[in-house]
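All remarks here apply to the structure that follows.
Residue numbers (the UniProt record's numbering): 1 to 459.
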């Protein structure tokens with residue numbers, strides 16, 4: 001059965017016009033005015049609404065064994081939440097630890113997602129060590145359609161790589177045409193600062209940010225860029241949180257380093273005072289990089305508006321309050337992460353487009369199109385065009401409401417954006433031409449989501 005979306009205002013990263021969209025066989029087959037459709041076609045009237053390309057979250061954690069526990073979502077709950085918020089594709093971090101076999105980890109992550117996701121997905125493959133088996137395994141994983149790596153310059157002895165391993169990873173990435181994404185801090189310095197603070201009796205969540213200050217993130221960003229510069233690899237900084245790190249990344253770009261920048265929605269809207277409330281309320285806001293001084297937010301918004309920050313993701317990583325309390329005696333034991341996969345698009349639209357100075361085309365670009373281009377999904381994803389997948393979001397800009405744990409779909413017992421007002425929300429969301437959200441109600445098909453295999457492009 002075909003799908004016809006009529007009377008909407010189509011908005012992509014570079015165009016805006018009123019037209020109908022007809023989809024058949026999972027892809028968009030016609031765009032035009034007053035389109036006819038065969039009998040049996042599902043017709044959606046989008047009058048008064050925007051029609052966006054399906055949004056892409058380039059940084060999520062669904063399955064994640066981490067800090068003595070597991071992230072709360074499953075691929076079923078996480079993908080449902082994504083769709084309710086207008087995200088039709090997510091890129092999950094596949095994160096076996098240094099103690100795990102990389103290929104076994106990759107196959108485990110694939111098995112967790114297969115048949116369980118309501119929307120399409122792919123992976124960034126984490127390289128958490130570089131031993132004699134690593135190169136052959138990574139070649140096999142790339143051959144299977146994964147064209148991005150992830151490295152951690154943090155979490156020493158668990159996810160973190162040494163400089164020599166980073167160099168080897170980049171050399172291989174350059175050969176294979178793979179982009180390297182990186183969590184940029186300094187694992188050694190963070191570890192030393194953590195131990196110093198704990199030895200001084202500074203154990204509460206308010207000491208998390210001082211243990212990994214802005215200067216540490218800036219150093220890690222500069223070091224990552226320096227390694228890119230000297231290997232010829234292409235890089236992507238994940239969840240950049242502060243102006244010093246932004247300055248380091250932009251300085252590298254200015255001297256020709258092929259480097260792209262992601263920030264995540266919490267760092268645009270939340271600041272370090274949320275993690276200084278005391279007790280479990282503060283623990284809810286522990287993430288890495290940490291929430292920063294509020295002065296950083298203007299720098300992030302300005303860089304996003306100008307296109308210097310390429311993408312806005314979430315680093316979605318939900319833990320319940322009971323899990324956060326694992327760190328009641330030491331901030332170093334609080335599981336790092338916050339849920340955001342459901343709220344990213346609405347928050348970015350509200351505080352960027354509706355109430356801020358973010359151009360609506362830059363909004364689409366940062367939340368969809370540029371991720372598709374950077375990670376080998378464009379033009380299948382990230383735009384509205386004949387031949388593209390019919391991942392579409394009919395968005396109601398007249399909606400007014402508030403975010404609440406009581407109405408969320410994420411498998412989590414709190415929402416870090418509780419009470420935030422939103423100006424707009426998806427009313428209809430489709431996954432390759434099939435409606436998954438209708439009038440704000442979830443009607444998706446479990447297992448419809450497919451693993452998106454991608455070709456390397458950074459030779």
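A virtual CB, placed ideally from N, CA and C, is assigned to each residue, including glycine.
Review point. Under three-state DSSP, which class holds residue 365?
Key: If DSSP states are grouped into helix, strand and coil, residue 365 belongs with the helices.
Handout entry: residue 438, DSSP secondary structure in three states
Key = strand
Item to check | Outcome for residue 306 when other beta-carbon atoms lying within 10 angstroms are tallied against a minimum of 16 | outcome: Counting every other CB atom within 10 Å of its CB across the protein chains shown gives residue 306 a total below 16, marking it as exposed.
Notebook entry, point to check: Along the chain, where does the alpha helix (DSSP H) that runs through residue 105 open and close?
Noted result: 102-113
key: Supposed close pair residue 241, residue 217 - CB separation, criterion 8 Å   = 6 Å
Let's test the definition: count the other Cβ atoms within 10 Å of the Cβ of residue 369 and tell me whether it reaches 16, buried, or not, exposed. Residue 369 is buried by the Cβ-count criterion.
Q. Rounded to whole angstroms, how far is the Cβ of residue 88 from the Cβ of residue 55, which I believe are closer than 8 Å?
A. 6 Å
Check: Around the C-beta of residue 129, are 16 or more other C-beta atoms found within 10 angstroms, so that it is buried, or is it exposed?
Finding: A buried status is given to residue 129, since no fewer than 16 other beta-carbon atoms sit within 10 Å of its beta-carbon.
Give the straight-line distance between the Cα atoms of residue 197 and residue 164, rounded to the nearest whole angstrom.
29 Å
Original post:
Which residue's Cα is closest to the Cα of residue 35: 27, 53, 7, 17?
Top reply: 7
Requested in this report: Say whether the segment 47-54 touches the segment 76-91, bearing in mind that this needs 3 or more beta-carbon pairs closer than 8 Å, one atom from each stretch.
Outcome: Yes: the two stretches touch, three or more of their Cβ pairs being nearer than 8 Å.
Worksheet item: Which residues bound the alpha helix (DSSP H) around residue 298?
Response: 296-306
Note to self: I'd like to know whether the C-beta atoms of residue 411 and residue 404 end up nearer to each other than 9 Å.
What the structure shows: no
Check whether the segment 62-71 touches the segment 351-370, counting contact only when three or more Cβ pairs, one atom from each stretch, lie closer than 8 Å.
no
Self-check item: Counted within 10 angstroms of its Cβ, other Cβ atoms place residue 63 as buried (16 or more) or exposed
Solution: The residue is buried, with at least 16 neighbouring Cβ atoms inside 10 Å.
### Query
Are the Cβ atoms of residue 17 and residue 3 separated by less than 9 Å?
The Cβ atoms of residue 17 and residue 3 do not sit closer than 9 Å to each other.
### Query
For residue 93, does the three-state DSSP call read helix, strand or coil?
DSSP, read as helix, strand or coil, puts residue 93 in strand.
**Asked** Can you round the beta-carbon distance between residue 413 and residue 320 to whole angstroms, since I take them to be within the 8 Å contact cut?
**Response** 5 Å
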